[in-house]
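Here the structure comes first, spelled out in structure tokens, and everything after it is commentary.
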Amino acid sequence: MSGAKSGTTSGTGAPTLDALRETLLLATLPHVAFDGWTEAALRAGAADAGLTANDVVRAFPGGAISAIETFNRRADRRMVEAIETMDTSGLRTHEKIAAAIRARFEDVAPHKEAVRRALTVLAFPLNAPLALRMLHHTVDAAWHAAGDRSTDFNWYTKRGLLAGVYSATVLYWLNDKSEGQADTWAFLDRRLQEVMRLGGTFARAMKAMGEFRSPFGNPFGGGRPGGPYPGPFSRRR
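Residue numbers (the working numbering): 7 to 243.
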């Protein structure tokens, strides 16, 4: 099969960047459990996959932190792919979200120690911006997989609430010793039901705020006297 058809090689026969990253990441993951997300783990993975030091630099120019980001995005992508193969037509919103998050955890379960090690690296203050971007990408992918297409203030509230649920569930999952991770799924369901109730209350409050007419316009900018009070973080279409 040619590279053009497979999408795994370029016209010169060399692997595409995405294919190279995938190959190196999968070869590196077994070493992360022992060496952490380090250059040593990347070199060991490259050796196992028959890759060179130049391949490592090409795949992950930022080093191990770039590999962590690729690991996260791969898990997000596979979560969405898993949901797309499911029949979720009869599920309520929080059940769709639960299915998406559960699919993600099940996909990375063989690499639980790599997830633990990644959280340790991301806990450093220098890596906080990347940690937030990765969290946003995950919860946004989960909502999108669940069919959310909101463009108003709900876009922010939904993702903010889910970020808290997801973060707490990751920590719970890492320490869960129950059969089939049953305690994690129960924990996730409880948290989602709680935030769905909270989210509904918050959305009603924001709607009421949006209908309030201020004689001073929008104090955060963009409003007009006597006009609707749009709220401080309205998302632009």
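A virtual CB, placed ideally from N, CA and C, is assigned to each residue, including glycine.
Test item: CB-CB of residue i and residue j under 7 Å
i	j	result
Arg165	Asp195	no
Ala55	Ala33	yes
Leu30	Ala65	yes
Ala188	Ala151	no
Arg83	Asp113	no
Val171	Val201	yes
Ile74	Ala124	yes
Thr94	Lys102	yes
Thr163	Trp179	no
Ala109	Ala88	yes
Met140	Asn78	yes
DSSP bridge partner residues for residue i (one or two, in chain order)
i	result
Pro67	In DSSP, Pro67 forms no bridge with anything.
Counted within 10 angstroms of its Cβ, other Cβ atoms place residue i as buried (16 or more) or exposed
i	result
Pro21	buried
Ala115	exposed
Lys183	exposed
Gly51	buried
Arg197	buried
Phe130	exposed
Thr157	exposed
His37	buried
His142	exposed
Asp61	buried
Val63	exposed
Ala174	exposed
Leu132	exposed
Arg27	buried
Residue i (DSSP reduced to helix, strand or coil)
i	result
Leu97	coil
Arg155	coil
Trp43	coil
Gly56	coil
Met85	helix
Thr126	helix
Tyr91	In the sequence under discussion, the amino acid at residue 91 is Thr, which differs from the Tyr named in the question. Three-state result, Thr91: coil.
Asn181	coil
The ligand ATP heavy atom lying under 6 Å from the CB of residue i
i	result
Trp43	Of ligands this structure carries none, so the ligand ATP is not represented either.
request  = Pair every Cβ in the region 114-129 with every Cβ in the region 37-48, then say whether three or more of these pairs are closer than 8 Å.
outcome  = Cβ pair count under 8 Å is three or more, so yes.
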